[in-house]
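K.L.:
As given, the protein sequences belong to chains A and B, one line each in that order. All residue numbers in the first sequence are consecutive under my numbering, ending with 335. All residue numbers in the second sequence are consecutive under my numbering, ending with 345. No residue lacks a Cβ here, since even glycine has one placed at the ideal position from N, Cα and C. On a predicted model such as this, the values are computed, not experimentally measured, just so you know.
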Amino acid sequence: MTDWPAPAPGAAPLPKMIAAQAGLELKILFRNGEQLLLTLIIPMLLLVVFSSESLISVGRGARIGFIAPGILALAVLSTSFTSLAIGTAFERRYGVLKRLGATPLSRAGLIAAKAALVLAVEAGQVVLIVAVSLLLGWHPVVSVTSVFSALAVLIAGSAAFCGLAMLLAGTIRAEAVLAAANLAYLVLLGIGGVLFPLAKFPPAARPVLLALPSGAMSDGLRAVLRYGAGVPGKDLLVLAAWAVVAIGLAARTFRWD
Amino acid sequence: MNDVPAVEITGLVKSYGRTRAVRGLSMRASRGQVTAVLGPNGAGKTTTVEICEGYLRPDEGTVRVLGLDPQRDGRALRSRVGVMPQSGGIPSMARASDYLKVMASFYASPLDPAKLMDRLGLTESARTAYRRLSGGQQQRLSLAAAIIGRPELVFLDEPTAGLDPQARHATWDLITGLRASGTTIILTTHYLEEAERLADYVAIVDQGRLVAEGTTAELTGSHGQLRFAADPALDTAGLLAALPPDSVTKESPAGHYLIELPGGVDPQVIATVTAWCAEQGVLARNLRFDGKTLEDVFLELTGRDLRS
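#1: In the DSSP assignment, find the unbroken beta strand (DSSP E) run with Met121 of chain B in it and report its ends.
#2: Counting C-beta neighbours from all protein chains within 10 Å, is the total for Ala133 of chain B 16 or more, i.e. buried, or is it exposed?
#3: Would you please state the rounded distance, in angstroms, between the beta carbons of Ala326 of chain B and Leu263 of chain B? I believe it to be under 8 Å.
#4: On a CA-only basis, which of A:Asn260, A:Ala328, A:Ile119 and A:Pro291 is nearest Ala319 of chain A? Give me that one, please.
#5: At 7 Å on the CB atoms, spell out the chain A contacts of Leu215 of chain B, in chain order.
#6: Using a beta-carbon distance below 9 Å, is Ile164 of chain A in contact with chain B?
#7: Indicate whether Leu159 of chain B and Val100 of chain B have their beta-carbon atoms separated by less than 9 Å.
#8: Based on the DSSP secondary-structure assignment, which residues constitute the bridge partners of Phe326 of chain B?
#9: In terms of residue numbering, what span does the beta strand (DSSP E) encompassing Ala16 of chain B cover?
#10: Suppose you measure from the CA of Gly172 of chain B to the CA of Thr197 of chain B; what does that come to, to the nearest Å?
#11: Does the segment 41-57 of chain B come close enough to the segment 84-103 of chain B that 3 or more CB-CB pairs lie under 8 Å?
#12: With distance defined between alpha-carbon atoms, name the residue in A:Ala84, A:Ser129 and A:Glu112 nearest to Phe274 of chain A.
#13: I want to verify the contact list: residues of chain B whose CB lies under 8 Å from the CB of Met95 of chain A, in sequence order.
#14: Sort A:Asp297, A:Lys312 and A:Ile325 by Cα distance to Gly148 of chain A and report the nearest one.
#15: Please determine, among B:Leu190, B:Thr85, B:Gly104 and B:Asp106, the residue with the shortest C-alpha to C-alpha distance to Ala86 of chain A.
#16: Which word fits Asp337 of chain B, buried or exposed, when buried means at least 16 other C-beta atoms lie within 10 angstroms of its C-beta?
#17: With H, G and I counted as helix, E and B as strand and the rest as coil, what does DSSP make of Ser345 of chain B?
#18: Among all the DSSP beta bridges, which residues are the ones paired with Gly268 of chain A?
#19: Please indicate yes or no: does the CB of Val334 of chain B lie closer than 8 Å to some heavy atom of the ligand COA?
#20: Restricting to runs no shorter than 4 residues, where is the alpha helix (DSSP H) found entirely within the segment 191-230 of chain B?
#21: Using 9 Å as the limit for Cβ to Cβ distance, is Thr181 of chain A near chain B?
#22: In three-state terms, what does DSSP make of Met38 of chain B?
#23: Let me know if Thr41 of chain A comes out buried or exposed under the rule of 16 or more other beta-carbons within 10 Å of its beta-carbon.
#24: Any contact of the segment 99-116 of chain A with the segment 128-148 of chain B, i.e. 3+ C-beta pairs under 8 Å?
#25: Does DSSP put Ser52 of chain B in a helix, in a strand, or in coil?
#26: Would DSSP call Thr286 of chain B helix, strand or coil?
#27: Does DSSP classify Thr339 of chain B as helix, strand or coil?
#28: Restricting to Cα atoms, I'd like to know which of B:Ile185, B:Gly69 and B:Ala80 is closest to Ala240 of chain B.
#29: What does Ile189 of chain A touch in chain B if you count any residue whose Cβ is under 9 Å from its own?
#30: In the DSSP assignment, find the alpha helix (DSSP H) that holds Asp135 of chain B and state where it starts and stops.
#31: Which residues of chain A have a Cβ atom closer than 8 Å to the Cβ of Ser218 of chain B, listed in chain order?
#32: Alpha carbon to alpha carbon, how far is Pro202 of chain B from Leu175 of chain A?
#33: Of all the alpha helix (DSSP H) runs that stay within the bounds of the segment 99-177 of chain A, which reach a length of 4 or more residues?
#34: Are the CB atoms of Asp243 of chain B and Thr309 of chain B nearer to each other than 9 Å?
#35: Residues of chain A with CB closer than 7 Å to the CB of Asp135 of chain B, please, in chain order.
#36: Check this for me: beta carbons of Arg170 of chain A and Trp334 of chain A, under 9 Å apart or not?
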């Protein structure tokens with residue numbers, strides 16, 4: 079064990095560090111069965127089952143026209159919130175974040191890597207969900223406005239859920255995050271307008287449900303993709319407000335170890 | 038610039054709530070050397086190292102690492118300093134080789150991950166997830182990650198805790214090799230043998246304070262012992278007369294002789310002993326001399342009581 083190379087310290091360029099870190103997290107994600115179940119298998123299963131069977135009444139029009147936007151919202155919920163919260167909480171618990179703090183990768187770089195990972199996974203989910211939905215006979219409204227509005231809703235919703243995920247992951251115990259993030263996934267699956275139309279809920283509850291990020295996402299996506307409405311300003315505003323508040327709080331409260 | 042010590046700590050104080058972990062510690066570590074921070078559990082070793090690494094903010098006192106302030110100049114230090122935490126810090130699902138490649142990609146001129154794994158005997162586990170590695174493999178991967186960026190200074194927090202003798206020796210060889218390449222190493226340990234073998238300089242810390250520092254030779258002082266085996270029941274009065282004053286000879290058990298030399302063992306003493314043996318016509322077998330061990334010094338300074 080002789081002739082070790084002499085010290086040659088120095089940091090790599092930031093984009094290289096971010097790409098490497100995001101790549102590792104992506105590899106870990108693909109090797110984690112529970113995460114794949116959450117981000118890919120459950121949304122796909124729900125898409126296929128609920129679009130073909132009349133399990134629920136979804137109002138006029140093709141069933142898939144209602145289900146597909148809801149599943150897109152669910153995909154963002156699973157990746158930006160549940161998966162990110164659980165992953166980050168355990169990284170904190172096992173000292174992974176702390177150890178990264180001693181490397182040249184800055185905290186901003188780590189957050190950029192996580193954002194890149196979330197966006198990459200969501201891009202994959204969206205492509206897959208749209209492709210399967212089209213095969214199931216989906217005819218979304220396609221125009222410059224609808225495509226950009228839908229992307230804006232997906233990105234704003236993703237930002238809001240990422241903020242909430244980091245708020246949770248940075249403040250409470252990993253086991254509690256695991257329970258809370260999975261519970262929130264199930265609850266929002268039920269009341270987030272993903273599978274069950276918000277119109278079926280009591281009128282008094284509707285404004286509240288629409289003010290939740292999942293409700294605003296599914297509502298905005300349906301408005302543009304199903305009904306060809308213009309830019310869903312109110313939903314975007316709700317999502318932006320959630321994003322600003324959650325990210326702001328997370329930045330103040332996040333504990334790295 | 039190489040006159041700047043690797044680490045210089047002055048009057049460091051750090052408390053957690055009502056627990057005072059570090060109570061006015063001062064020490065320095067020179068560049069190009071292995072410095073061992075030795076102390077019983079709870080002595081404040083890890084707290085001190087974590088302040089040097091920039092994780093913790095000191096309550097009082099100053100800490101300079103490579104002449105920089107770990108709090109203010111953390112960014113500049115992170116590319117120059119390698120850190121091996123006491124445990125963990127590696128994603129449990131990551132494969133050993135994937136993790137090391139990512140760590141390598143954080144640095145400008147890193148070591149080759151495959152070669153490093155080979156040198157550390159990790160090649161066969163390259164595709165194994167961290168959580169499925171043995172304890173020794175996990176420690177070696179953690180050590181590899183600390184040095185892959187070719188840092189000029191490495192902090193190793195109990196690098197051989199829980200390792201089997203083979204893995205411990207492999208780690209010692211690596212530390213010796215790193216030192217020879219010009220890397221400065223600060224290691225905390227409570228294994229006295231580790232400090233004795235590796236360290237150019239030893240700082241003994243207890244209850245948040247520095248209680249002794251120096252080279253192993255300085256710490257163990259000049260007190261020496263000389264042992265040999267020969268025929269039983271020799272009359273050692275003549276020998277004693279020829280040795281320096283205050284020397285003591287003992288025979289215990291029969292045929293095993295111990296000479297205590299408060300002034301230390303020097304070539305003259307050995308010549309005197311062998312000349313006396315030749316005069317007596319006896320063959321001295323297993324002639325060897327020991328100083329006071331670091332363990333003796335450590336226990337004298339930190340006490341023999343068990344601490345909870």
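P.N.:
According to the structure data:
#1: Taking the second sequence and counting its residues from 1, the one referred to as residue 121 of chain B is at position 84. Its beta strand (DSSP E) spans residues Val118 to Met121.
#2: Stepping through the second sequence from its first residue, residue 133 of chain B is reached at position 96. It is buried - the Cβ of Ala133 of chain B has at least 16 other Cβ atoms within 10 Å.
#3: Against the second sequence, residue 326 of chain B aligns to sequence position 289. Against the second sequence, residue 263 of chain B aligns to sequence position 226. Per the sequence shown, residue 326 of chain B should be read as Phe rather than Ala. Yes, Phe326 of chain B and Leu263 of chain B are in contact; Cβ-Cβ is about 4 Å, under 8 Å.
#4: Along the first sequence, read from residue 1 onward, the residue named residue 319 of chain A stands at position 241. Closest by alpha carbon: A:Pro291.
#5: In the second sequence, the residue the question calls residue 215 of chain B occupies position 178. Chain A residues near Leu215 of chain B: Trp82.
#6: Here the question's residue 164 of chain A lines up with position 86 in the first sequence. Ile164 of chain A does not count as touching chain B.
#7: To locate residue 159 of chain B, count along the second sequence from 1; it is residue 122. To locate residue 100 of chain B, count along the second sequence from 1; it is residue 63. In this structure, Val100 of chain B does not lie closer than 9 Å to Leu159 of chain B by Cβ.
#8: Against the second sequence, residue 326 of chain B aligns to sequence position 289. Paired residues: B:Leu263.
#9: Residue 16 of chain B falls outside the range modelled here, since chain B spans only 38 to 345, and no answer is possible.
#10: Here residue 172 of chain B is taken as the residue at index 135 of the second sequence, counted from 1. Here residue 197 of chain B is taken as the residue at index 160 of the second sequence, counted from 1. Rounded to whole angstroms, the gap between the alpha carbons of Gly172 of chain B and Thr197 of chain B is 10 Å.
#11: Contact between the segment 84-103 of chain B and the segment 41-57 of chain B is present, because at least three Cβ pairs lie under 8 Å.
#12: Here residue 274 of chain A is taken as the residue at index 196 of the first sequence, counted from 1. Minimum Cα distance to Phe274 of chain A is reached at A:Ser129.
#13: What you label residue 95 of chain A is simply residue 17 of the first sequence in a count that begins at 1. Going along chain B in sequence order, the residues near Met95 of chain A (Cβ under 8 Å) are Ser142 and Phe143.
#14: Sequence index remark: in the first sequence, residue 148 of chain A carries index 70 (1-based). Closest option to Gly148 of chain A, Cα to Cα, is A:Asp297.
#15: Counting from 1 along the first sequence, the entry for residue 86 of chain A is found at position 8. Per the Cα distances, B:Leu190.
#16: Position 300 of the second sequence holds residue 337 of chain B. Asp is not the amino acid found at residue 337 of chain B; the sequence shown has Glu there. Exposed, since its Cβ has fewer than 16 Cβ neighbours within 10 Å.
#17: Position 308 of the second sequence, counted from the start, is the residue given in the question as residue 345 of chain B. Caution applies to Ser345 of chain B, whose pLDDT of 46 falls short of 50 and renders its modelled position unreliable; the value that the coordinates give is listed next. Residue state, collapsed to three classes: coil.
#18: As a first step, residue 268 of chain A must be located in the first sequence, where it is residue number 190. Beta-bridge pairing links Gly268 of chain A to no other residue.
#19: Among the components modelled here there is no ligand, and therefore nothing to report on the ligand COA.
#20: 202-217
#21: Counting from one through the first sequence, the residue named residue 181 of chain A turns up at place 103. Answer yes: the Cβ-Cβ gap between Thr181 of chain A and chain B drops below 9 Å somewhere.
#22: As a working note, residue 38 of chain B is residue 1 in the second sequence. Here the model assigns Met38 of chain B a pLDDT of 49, short of 50, so the residue's position is not dependable and the matter cannot be decided.
#23: Since the first residue shown for chain A is 79 and the last is 335, residue 41 of chain A is missing from the structure and cannot be characterised.
#24: yes
#25: To locate residue 52 of chain B, count along the second sequence from 1; it is residue 15. Ser52 of chain B: strand per DSSP, three-state reduction.
#26: As a working note, residue 286 of chain B is residue 249 in the second sequence. Of the three classes helix, strand and coil, the one that applies to Thr286 of chain B here is strand, per DSSP.
#27: The residue labelled residue 339 of chain B in the question sits at position 302 within the second sequence. DSSP places Thr339 of chain B in helix when its eight states are reduced to three.
#28: Within the second sequence, the letter at position 203 stands for residue 240 of chain B. Comparing Cα positions, the closest option is B:Ala80.
#29: Looking up residue 189 of chain A in the first sequence gives position 111. Within chain B, no residue comes near Ile189 of chain A; the closest Cβ sits about 16 Å away, beyond 9 Å.
#30: Sequence index remark: in the second sequence, residue 135 of chain B carries index 98 (1-based). That run of the alpha helix (DSSP H) goes Ala133 to Ala141.
#31: Working through the second sequence from its first residue, we reach residue 218 of chain B at position 181. Result: Asp81, Trp82, Pro83, Ala84 and Pro85.
#32: Here the question's residue 202 of chain B lines up with position 165 in the second sequence. Here the question's residue 175 of chain A lines up with position 97 in the first sequence. Here the alpha carbons of Leu175 of chain A and Pro202 of chain B stand approximately 31 Å from one another.
#33: 111-114, 120-130, 141-154 and 162-171
#34: Residue numbering aside, residue 243 of chain B sits at position 206 when the second sequence is read from its first letter. Residue numbering aside, residue 309 of chain B sits at position 272 when the second sequence is read from its first letter. No, these two residues do not count as a Cβ contact at 9 Å.
#35: For the purposes of this step, residue 135 of chain B is taken as residue 98 along the second sequence, with counting starting at 1. The answer, in chain order, is Leu102 and Lys105.
#36: In the first sequence, the residue the question calls residue 170 of chain A occupies position 92. In the first sequence, the residue the question calls residue 334 of chain A occupies position 256. Yes, Cβ-Cβ distance for Arg170 of chain A and Trp334 of chain A is below 9 Å.
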